[in-house]
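Since the structure comes first, as C-alpha cells, the remarks are kept for the end.
Right under this line is the structure:
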C-alpha cells in the first residue's frame, strides 16, 4: 500500500472500535513550511504560543538547512495550499501519522538527529531512528527522478523528511497533544492499528 492507503486502512480499523479519525486542515501547516507557521502564530497574538513556536522554528530552520532546502522558495510559496492531515481525533485534537517505509530514510534520520531531548513527541524517537538506519539503503532513492519544490530534482525524500519534521514539531507548538507517529513499514495499516490499539482506544476516555 502507498501511504494514503495505509492511513485509510488504519482509520477503518479504528472505526470498527468506535474511534472516528477524520481528515483536517490547519492554516499553520501549509506549503510555506516553518515560514507559514511563524506567520500564522504571530497573527494569533497568543502569548502562550510564543515560547513553543519559537523553539519549533529554531529546530525546523536547522532541519530545513540540513536537508539543503531553499528558504526563498518557502517565502514565495502559497499560503492557502494546506498540507493534508488525514488522521485527527477531533475530540482531543490528537493528530496521528502512520508511516510506510518511504518515511524511513537517511534524510529523515538527519532531521530526527536535530530534535532536542525535550521535544514533545508522541512516538519513540530512538525507534524511529533505528528504522531509518535499517531502511535507508532501500528508500533513499525512491522518486529520485522527481523534483520537489524547494528541494530541486530528486528532492522528494528530503521534502518528505522536512514535512514530517514540520508536523512533529508544529502540532504540539500550536497547542495540540504531541503527534502520534506509528510505523507501518510493511504497508499494513490495519496491522499497525492492532499493534497500537490500546493507546488509540485510550483516546476515548481522555
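Numbering (the working numbering), first residue to last: 37 to 242. Backbone N, C-alpha and C fix where the C-beta goes; we use that ideal spot for every residue, glycine too.
Task: C-beta atoms of residue 131 and residue 121 nearer than 7 Å - done: Locating residue 131 in the chain shown gives position 95, where the first residue counts as 1. Locating residue 121 in the chain shown gives position 85, where the first residue counts as 1. The answer is yes: Cβ separation under 7 Å.
TODO: Determine the closest residue to residue 145 out of 99, 63 and 115, with distance taken between C-alpha atoms.
DONE: By one-based count along the chain shown, residue 145 stands at place 109. Out of 99, 63 and 115, 99 has the C-alpha closest to the C-alpha of residue 145.
Task: C-alpha gap between residue 175 and residue 66, whole angstroms - done: Locating residue 175 in the chain shown gives position 139, counting from the first residue. Locating residue 66 in the chain shown gives position 30, counting from the first residue. So the two alpha carbons sit approximately 25 Å from each other.
- [ ] With DSSP collapsed to three states, give me the class of residue 126.
- [x] For the purposes of this step, residue 126 is taken as residue 90 along the chain shown, with counting starting at 1. Of the three classes helix, strand and coil, the one that applies to residue 126 here is coil, per DSSP.
Task: Coil, strand or helix - residue 40 by DSSP - done: If you number the chain shown from 1, residue 40 lands on position 4. Look at residue 40 here: in three-state DSSP terms it is helix.
Task: Three-state secondary structure assigned by DSSP to residue 186 - done: Numbered from its first residue, the chain shown carries residue 186 at position 150. Per DSSP, reduced to three states, the secondary structure at residue 186 is coil, with no helix or strand assignment.
TODO: Spell out the partners DSSP gives residue 51 in its beta bridges.
DONE: Here residue 51 refers to the residue found at position 15 when the chain shown is read from its first residue. Answer by DSSP bridge pairing: none, since residue 51 is not bridged.
Open item on the list: So, for residue 70: in the same chain, excluding its five sequence neighbours on each side, which residues have a beta-carbon less than 8 Å away from its beta-carbon?
Closed with: Numbered from 1 along the chain shown, position 34 holds the residue referred to as residue 70. Excluding residues within five positions, the ones whose Cβ falls inside 8 Å are 92, 93, 96, 97, 100, 110, 202 and 206.
Open item on the list: Please report the straight-line C-alpha distance between residue 136 and residue 187, rounded to a whole angstrom.
Closed with: Along the chain shown, one-based indexing puts residue 136 at 100. Along the chain shown, one-based indexing puts residue 187 at 151. Near 22 Å, if we compare the C-alpha coordinates of residue 187 and residue 136.
- [ ] Just confirm the distance between the C-beta atoms of residue 45 and residue 226, as a whole number of angstroms; I'd bet it's less than 8 Å.
- [x] As a first step, residue 45 must be located in the chain shown, where it is residue number 9. As a first step, residue 226 must be located in the chain shown, where it is residue number 190. Contact between residue 45 and residue 226 holds: their C-beta atoms lie close to 5 Å from each other, under 8 Å.
Open item on the list: Classify residue 141: buried if its beta carbon has 16 or more other beta carbons within 10 angstroms, exposed otherwise.
Closed with: Along the chain shown, one-based indexing puts residue 141 at 105. Residue 141 comes out buried.
- [ ] Reducing DSSP to helix, strand and coil, say where residue 163 ends up.
- [x] Translated into positions along the chain shown, residue 163 becomes position 127. In this structure, residue 163 counts as helix in the three-state DSSP scheme.
Open item on the list: Please state the DSSP three-state secondary structure of residue 200.
Closed with: In the chain shown, residue 200 corresponds to position 164, counting from 1. Reduced to three states, the DSSP call for residue 200 is helix.
TODO: Hey, could you find the ends of the beta strand (DSSP E) residue 217 is sitting in?
DONE: Along the chain shown, one-based indexing puts residue 217 at 181. Counting along the chain, the unbroken beta strand (DSSP E) around residue 217 starts and ends at 216-219.
Task: Burial state of residue 180 (16 or more Cβ within 10 Å) - done: Here residue 180 refers to the residue found at position 144 of the chain shown. The C-beta of residue 180 has fewer than 16 other C-beta atoms within 10 Å across all chains shown, which makes the residue exposed.
Open item on the list: Any heavy atom of the ligand ADP inside 6 Å of the beta-carbon of residue 163?
Closed with: Within the structure as shown, the ligand ADP is missing, as the structure has no ligands at all.
Task: Option in 50, 236 and 106 with minimal Cα separation from residue 184 - done: Walking along the chain shown from the start, residue 184 turns up at place 148. The shortest Cα separation from residue 184 among 50, 236 and 106 belongs to 106.
Task: Proximity of residue 124 and residue 58 at Cβ, strictly below 7 Å - done: Here residue 124 refers to the residue found at position 88 of the chain shown. Here residue 58 refers to the residue found at position 22 of the chain shown. Yes.
Open item on the list: I need the boundaries of the beta strand (DSSP E) containing residue 58, first residue and last residue.
Closed with: Along the chain shown, one-based indexing puts residue 58 at 22. In the DSSP assignment, residue 58 falls within the beta strand (DSSP E) that extends over 58-60.
Open item on the list: What does the Cβ neighbour count give for residue 200, buried or exposed, with the cut at 16 atoms within 10 Å?
Closed with: On the chain shown, residue 200 is found 164 positions in, with the first residue counted as 1. When all chains shown are included, residue 200 counts as buried.
Task: residue 220 and residue 42 closer than 7 Å at C-beta - done: As a first step, residue 220 is located in the chain shown; it is residue number 184 there, counting from the start. As a first step, residue 42 is located in the chain shown; it is residue number 6 there, counting from the start. By the CB criterion at 7 Å, residue 220 and residue 42 fall inside the cutoff.
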